[in-house]
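Asks: Supplied in structure tokens, the structure appears directly below.
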Amino acid sequence: MTLNELKHANLKKWIEEAVSLMTPDSVEICDGSQSEYDRMLKTLLDAGLATPLNSEKRSNSYLFRSDPSDVARVENRTYIASKNKDDAGPTNNWVDPAELKKTMSGLYKGCMKGRVMYVVPFSMGPVGSVIAKIGVEITDSPYVVANMHVMTRVGTKVLSALGSDGFFAPCYHSVGKPLADGEKDNGKWPCAPIEQKYISHFPETREIWSYGSGYGGNALLGKKCLALRIASVLARDEGWLAEHMLILKLTNPKGVSKYVAGAFPSACGKTNLAMLIPTLPGWKVQTVGDDIAWMKFGPDGRLYAINPEAGFFGVAPGTNESSNQNAMASIKSNTIFTNCGLTEDGDIWWEQIGHGAPGAEIIDWKGQKKPAPKTDKSPKGEEIAHANARFTAPAKQCPVMAPEWEDTKGVPISAFLFGGRRPSTIPLVNQSNSWAHGVFMGSITGSEVTAAAITDQVGQVRRDPFAMLPFCGYNMGDYFKHWIKIGAKAEAEGNGDKLPKIFFVNWFRKDKNDKFMWPGYGENSRVLAWIFDRCDNADNFVETPIGNLPKPGSIEPPADVSAETLKELCSVDIEGWKKEIADVRKNHYPQFGDKLPKELAGELDAIEKRLNG
Ligand code: SAT
Ligand code: MN
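Using my numbering, the letters of the sequence shown map in sequence onto residues 5 to 617.
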């Protein structure tokens with residue numbers, strides 16, 4: 005399709021404006037076909053950016069190596085440019101939208117010289133469903149086009165759904181590396197220096213402007229930018245929820261199923277949990293989504309969730325046949341790998357893949373030859389794969405996708421999980437005693453910082469409310485209020501008992517020797533089973549000052565966990581919690597000022613009183 009054939013006048017006008025600003029050599033409107041995907045990969049091969057993998061091991065799959073400055077989301081270059089600073093709130097970077105547009109227009113001027121401008125119409129959620137949102141991403145990166153093909157629904161079918169005047173979120177993206185006459189990428193990942201990278205959101209106009217990065221959430225604008233930051237604003241305005249949550253289907257030995265949604269910060273094992281293989285006999289987990297959930301109330305008063313994505317952008321290191329067999333099966337073919345190692349026999353490799361690398365040498369994520377590791381570990385600082393190396397794979401390749409994963413009605417959620425990497429204090433599982441208490445739990449979520457974002461805080465515990473700290477498109481205090489309101493609305497309509505039950509989980513407790521106390525992975529099914537029964541009001545809990553914990557004996561310990569360790573994991577560390585609460589009172593809640601809902605201030609007082617009582 006050509007620009008002139010576009011039926012949507014505003015879309016056409018918006019593209020024309022971008023063309024005159026960015027001056028690409030040509031424009032292509034993406035149709036979403038397999039041949040288009042193949043053409044993108046061919047272009048990337050010709051530019052020396054893609055390495056085809058051994059097709060006997062991984063058919064139709066490619067490896068990319070990014071620039072070392074462009075390996076993860078850049079949180080300090082991510083902006084929420086609402087008209088009022090207060091609407092972005094204390095946890096977002098804010099710049100006046102007019103000023104930011106001026107700066108970025110300067111950068112965008114001529115930025116696509118020597119390149120093709122691809123116009124990517126994409127749908128978050130199944131095309132044409134009432135719940136889906138359409139975006140159009142303009143990009144000069146064929147790598148982004150190929151990834152968008154996997155992660156979203158792309159092409160002509162989206163333009164048809166858009167019609168001549170439908171709403172779309174306009175998304176600009178450029179890698180920020182124009183080419184001089186005759187210049188080619190020649191194997192060098194194009195991007196701009198860090199101080200020129202901008203990942204900007206204009207919530208009032210639903211616009212996204214991204215410049216300078218070609219990596220993951222910085223560049224695949226349907227994901228964190230649209231499906232979380234902009235969608236969270238839409239959800240606030242329209243009374244629904246856009247959350248950083250996996251969605252899984254849990255079936256008990258009697259064949260009864262419930263759906264669970266869980267919020268965990270990036271790189272805390274959402275993909276592993278969503279595809280878990282239970283060690284508990286007779287239980288089954290199937291996947292609906294691994295990263296994002298959009299939820300609305302159904303006519304029956306229950307909250308229904310859809311996964312707006314079509315693929316997985318998963319963390320590679322640590323993924324292996326025992327940690328996540330289903331992810332390993334999902335990435336056997338048609339997969340894009342970024343910043344993994346390359347073995348002598350043309351396959352990918354990463355730390356904790358479960359085996360050493362074959363042959364004598366391996367090529368690391370920076371393109372350097374290294375001795376092939378004999379085990380699946382590398383000394384610190386000498387990793388073969390980057391800690392945030394990723395795979396991009398179609399969801400439909402996952403052997404345990406729930407058949408209803410694309411159902412436009414969504415799936416009814418019975419439980420919400422919140423969690424993070426917490427080496428101390430936080431028990432294995434803890435159920436809130438009310439909706440407001442659950443919102444309180446979500447609001448104080450903390451985690452050790454991972455490599456999913458470029459920051460100097462890796463390893464430290466930081467508060468990451470609802471795992472949304474980097475993804476909330478408005479004032480986090482108002483976001484808490486929105487969650488309180490969702491509960492109040494259900495209560496007012498007599499549907500309070502249909503709200504999902506709320507749990508806080510922690511798979512990452514460590515003992516005094518710095519060893520994990522809980523094996524995690526498939527063994528987490530023991531905790532899921534307890535949660536399942538809790539949703540049916542089973543008598544499997546004890547009330548404590550911090551919430552409902554498992555009654556002794558209600559969770560059978562895994563073979564390598566002693567009864568004593570399990571007891572410790574399921575008890576209240578009163579002194580640790582007093583410190584936790586004092587930290588919330590002193591360092592966390594005050595930043596929200598009078599935006600902090602009184603319900604949460606009340607929960608803080610109440611838990612403090614219970615701990616002291
Ligand atoms: O934002 S990304 O999609 O790059 C990855 C993440 O943070 O989960
Ligand atoms: Mn994520």
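Cβ atoms here follow ideal geometry from the backbone N, Cα and C, with glycine treated the same way.
Out of curiosity, what's the CA-to-CA distance linking Asp-540 and Ala-246?
Replies: Going by the C-alpha atoms only, they are around 26 Å apart.
Asks: Can Ala-456 be considered in contact with the ligand MN, in the sense that its beta carbon sits closer than 8 Å to one or more heavy atoms?
Replies: Yes; taking the cut-off as 8 Å, the Cβ of Ala-456 has a heavy atom of the ligand MN nearer than that.
Asks: With distances taken between CB atoms, is the gap from Leu-553 to Ser-529 smaller than 9 Å?
Replies: The answer is no: Cβ separation not under 9 Å.
Asks: Specify the secondary structure class of Ile-203 as computed by DSSP and reduced to three states.
Replies: Three-state result, Ile-203: strand.
Asks: Can you determine whether any heavy atom of the ligand SAT sits closer than 8 Å to the C-beta of Ala-271, and answer yes or no?
Replies: Ala-271: yes, Cβ under 8 Å from the ligand SAT.
Asks: The ligand SAT heavy atoms versus the CB of Lys-228: any closer than 8 Å?
Replies: True, at least one ligand heavy atom lies under 8 Å from that Cβ.
Asks: What did DSSP end up calling Lys-574 once you bin it into helix, strand or coil?
Replies: The question names Lys, yet the displayed sequence has Cys at residue 574. Three-state result, Cys-574: coil.
Asks: Quick one: grab the DSSP three-state call for Cys-272.
Replies: It is coil, neither helix nor strand.
Asks: Would Ile-578 be called buried (16 or more neighbouring beta carbons within 10 Å of its own) or exposed?
Replies: So Ile-578 counts as exposed.
Asks: On the CB-based measure, 16 or more other CB atoms within 10 Å of its CB, does Ser-204 come out buried or exposed?
Replies: It counts as buried.
Asks: Bridge partners for Lys-374 per DSSP, in chain order?
Replies: Bridge partners of Lys-374: Ile-366.
Asks: Taking the CB atoms as reference points, tell me whether Trp-534 and Ile-559 lie closer together than 9 Å.
Replies: Yes, these two residues count as a Cβ contact at 9 Å.
Asks: Is the beta carbon of Thr-275 sitting closer than 9 Å to the one on Asp-304?
Replies: No, the Cβ-Cβ distance between Thr-275 and Asp-304 is not below 9 Å.
Asks: Please state whether DSSP places Pro-146 in a helix, a strand or coil.
Replies: Helix at Pro-146.
Asks: What are the boundary residues of the alpha helix (DSSP H) that Cys-539 is part of?
Replies: 529-539 is the span of the alpha helix (DSSP H), which, as asked, contains Cys-539.
Asks: Pop quiz: Phe-126 and Glu-141 are said to be a contact at Cβ under 8 Å. What is the actual Cβ separation, rounded to whole angstroms?
Replies: So it is a contact: roughly 6 Å between Cβ atoms.
Asks: Sort Glu-387, Met-405 and Pro-431 by Cα distance to Thr-548 and report the nearest one.
Replies: Considering only alpha carbons, the answer is Pro-431.
Asks: Which residue wins for smallest C-alpha separation from Lys-181, given the options Ala-165, Leu-224 and Met-116?
Replies: Checked all of Ala-165, Leu-224 and Met-116; the closest Cα to Lys-181 is Met-116.
Asks: Report all residues from its chain with a CB closer than 8 Å to the CB of Gly-551; omit the five preceding and five following residues, and keep chain order.
Replies: The residues are Asn-434, Gln-435, Ser-436, Asn-437, His-441, Met-445 and Phe-508.
Asks: So, does the region 329-340 touch the region 400-415, judging by three or more C-beta pairs under 8 Å?
Replies: With a cut-off of 8 Å, the region 400-415 and the region 329-340 count as touching, because enough Cβ pairs lie within range.
Asks: Helix, strand or coil for Cys-229 per DSSP?
Replies: Cys-229: helix per DSSP, three-state reduction.
Asks: Hey, how far is the Cα of Glu-325 from the Cα of Gly-524?
Replies: Between Glu-325 and Gly-524, the C-alpha separation is close to 14 Å.
Asks: When the Cα atoms are used, what is the spatial distance from Leu-10 to Glu-20?
Replies: So the two alpha carbons sit approximately 11 Å from each other.
Asks: In angstroms with no decimal places, state the Cα-to-Cα distance between Pro-72 and Lys-370.
Replies: Distance between the alpha carbons of Pro-72 and Lys-370 is about 7 Å.
Asks: Within the region 426-469, note down every full beta strand (DSSP E) run reaching 3 residues or more, in order along the chain.
Replies: Within the region 426-469, the complete beta strand (DSSP E) runs of at least 3 residues are 433-435, 450-452 and 465-467.
Asks: Closer than 8 Å is the cut-off here; do at least three beta carbon pairs connect the region 195-211 with the region 150-164?
Replies: Too few Cβ pairs lie closer than 8 Å, so no.
Asks: Pull the bridge partners of Thr-3 from the DSSP assignment, please.
Replies: Since the first residue of the chain shown is 5 and the last is 617, residue 3 is not available in this structure.
Asks: What three-state label does DSSP hand Ala-196 in the structure shown?
Replies: Three-state DSSP puts Ala-196 in coil, outside helix and strand.
Asks: Among Asn-510, Ile-310 and Ile-281, which residue has its Cα nearest to the Cα of Met-249?
Replies: Considering only alpha carbons, the answer is Ile-310.
Asks: Buried or exposed: where does Gln-290 fall if 16 or more other Cβ atoms within 10 Å of its Cβ makes it buried?
Replies: Flag for Gln-290 reads buried.
Asks: Less than 8 Å separating the Cβ of Asp-468 from some heavy atom of the ligand MN?
Replies: Asp-468 Cβ: outside cutoff for every heavy atom of the ligand MN.
Asks: Helix, strand or coil, according to DSSP, for Met-480 in the structure here?
Replies: Three-state result, Met-480: helix.
Asks: Just the Cα atoms here: how many angstroms apart are Glu-32 and Tyr-122?
Replies: Roughly 5 Å separates the two Cα atoms.
Asks: Just checking, does the region 468-486 make contact with the region 263-278 on the three C-beta pairs under 8 Å criterion?
Replies: Contact between the region 468-486 and the region 263-278 is present, because at least three Cβ pairs lie under 8 Å.
Asks: Measure the C-alpha to C-alpha separation of Trp-18 and Asp-501 and round it to an integer number of angstroms.
Replies: Approximately 47 Å between the Cα atoms of the pair.
Asks: I'd like the list of long-range same chain contacts for Leu-600, defined as Cβ closer than 6 Å, with 5 residues on each side in sequence excluded.
Replies: So the list reads Gly-481 and Tyr-593, once near-sequence residues are dropped.
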